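K.L.:
Numbering (this note's numbering), first residue to last: 3 to 444. The structure that follows is given in the form of structure tokens.
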């Protein structure tokens, strides 16, 4: 996986501003009106069921990752068509406007949408871990809660590390990492090293892996809480980011043993209700996938029903338009790749108000206008498996794995992906990864 490479000068600015935001968050005390005495595992479960409000565990609102990705593309023509659409954050991150970063709005880096939101999740996880052994409830309930809290904490720290720290490598282990809050208190903590940060993430994942809670319970995929498939899937992601291909492959395979459903776009994907926009006085119909029909924050049924989730997390884009770069668009076989058909919505710019003058450009769409899968999925596990095999020299194994996904995403009869050398195999897998997971797990 190509890490989200935020160059050093940008990292310094982002981290300094972000630490200020962290201090502000950690200085806030709970109000008397919101204080609740935790007595039972039921109280802790209620805390972790916070999929709305301040906890909002499922949402990942990371401006830096979205706009700073090379999957996101603002051409001069797009900008000139409607300059008022683009905020300073969009412009600066997408253009990597390093000189002006120090004077930008701090909230672009670390406001309630990401840095503070992740530390809020971490606070909730710490609150569970600090109380779970002293509340009343069964040992099975307590074990499940511990797995939940450890996975939440690991996930948030990994998200933060991949945004505010340089990529992990032997040569970077002593570089600055994150402030690690492990207790539900408000005491300031110093910034740890990158090595210590990753040790904590791995420790939390190891604790989550102790769970025996299945993903499927009573016929329902319970992916919004910790489960054995989710823990293995997230472990695979972590170790791939560390270039530990042996462990990444081990955990990807384990996740797929527990759950391996992949949606066949030939039969499992369909169009939704078309959107009509008036352009130049003429009604224009725009075709969208069915997953567009229901905004996640109002009706999450389609998102929760997506069959590939191991762990339910959604990357959310406040601008409501994932603008695909031309480089990303060129990677798709536009005649045969059904992801292009369903997710690259033509004329999406009209929906975002680019109608006077009319400017046509596609948008990447998954769950309505703002959400795309961010949590571990079965598709990601196949991609991790294929990449690990390719990087360790098993070319035929890598192609066999990658085509298990590709055949489900392309029209029946499309020629499979192929490679003759290790370098070709790695390129094939990385390109497929980019087609499958744009903006989020690029």
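We put the beta carbon where it would ideally sit given N, CA and C, even for glycine. Note that this is a predicted model, so its numbers are computed, not measured.
How many Å lie between residue 182 and residue 51 at the Cα?
P.N.:
24 Å
K.L.:
Looking at the structure shown, is residue 430 part of a helix, part of a strand, or coil, going by DSSP?
P.N.:
helix
K.L.:
With a cut-off of 8 Å, does the C-beta of residue 314 fall near any C-beta of chain D?
P.N.:
Although the question refers to chain D, the structure presented lacks it and comprises just one protein chain.
K.L.:
By how many angstroms is the C-alpha of residue 291 removed from the C-alpha of residue 274?
P.N.:
5 Å
K.L.:
Measure the beta-carbon distance from residue 424 to residue 392 and round it to whole angstroms, keeping in mind my assumption that it falls under 8 Å.
P.N.:
7 Å
K.L.:
Give me, in chain order, the residues of the same chain whose beta-carbon lies closer than 7 Å to that of residue 72; leave out the 5 immediate sequence neighbours on both sides.
P.N.:
327 and 329
K.L.:
Residue 115 to residue 375, Cα distance in whole Å?
P.N.:
In a straight line, the C-alpha of residue 115 is about 17 Å away from that of residue 375.
K.L.:
Which whole runs of the alpha helix (DSSP H) in the stretch 296-346 are 4 residues long or more, in chain order?
P.N.:
303-306, 328-331 and 340-345
K.L.:
Apart from the five residues on each side of it in sequence, which residues of its chain come closer than 8 Å, Cβ to Cβ, to residue 395?
P.N.:
424
K.L.:
Which residue wins for smallest C-alpha separation from residue 77, given the options 93, 338 and 303?
P.N.:
93
K.L.:
Taking the beta strand (DSSP E) that residue 76 falls in, what are its first and last residues?
P.N.:
That residue, residue 76, is in no beta strand (DSSP E); it is neither H nor E in DSSP.
K.L.:
Round the Cβ separation of residue 1 and residue 217 to the nearest angstrom and send it over; I've been treating them as touching at under 8 Å.
P.N.:
Not covered by the structure: residue 1. The range shown for the chain is 3 to 444.
K.L.:
By the 10 Å Cβ neighbour count, where 16 or more other Cβ atoms means buried, how is residue 1 classified, buried or exposed?
P.N.:
There is simply no residue 1 to check, as the chain begins at 3 and stops at 444 in what is shown.
K.L.:
So is residue 220 buried or exposed if we call it buried at 16+ other beta carbons inside 10 Å?
P.N.:
exposed
K.L.:
Quick one, which of 146, 384, 194 and 324 has its alpha-carbon nearest residue 80's?
P.N.:
Nearest C-alpha to residue 80: 324.
K.L.:
How would you call residue 23, buried or exposed, if buried means at least 16 neighbouring beta carbons within 10 angstroms?
P.N.:
For residue 23, the pLDDT reaches just 43, beneath the cut-off of 50, and the residue's location in the model is therefore unreliable, although a value from the coordinates is still provided. Buried is the call here.
K.L.:
Could you check if residue 281 is buried or exposed, using at least 16 other CB atoms within 10 Å of its CB as the buried criterion?
P.N.:
buried
K.L.:
What residue from 437, 169, 88 and 60 has the CA that sits closest to residue 355's CA?
P.N.:
88
K.L.:
To the nearest angstrom, how far is the alpha carbon of residue 249 from that of residue 284?
P.N.:
Each residue's Cα considered, the two are about 56 Å apart.
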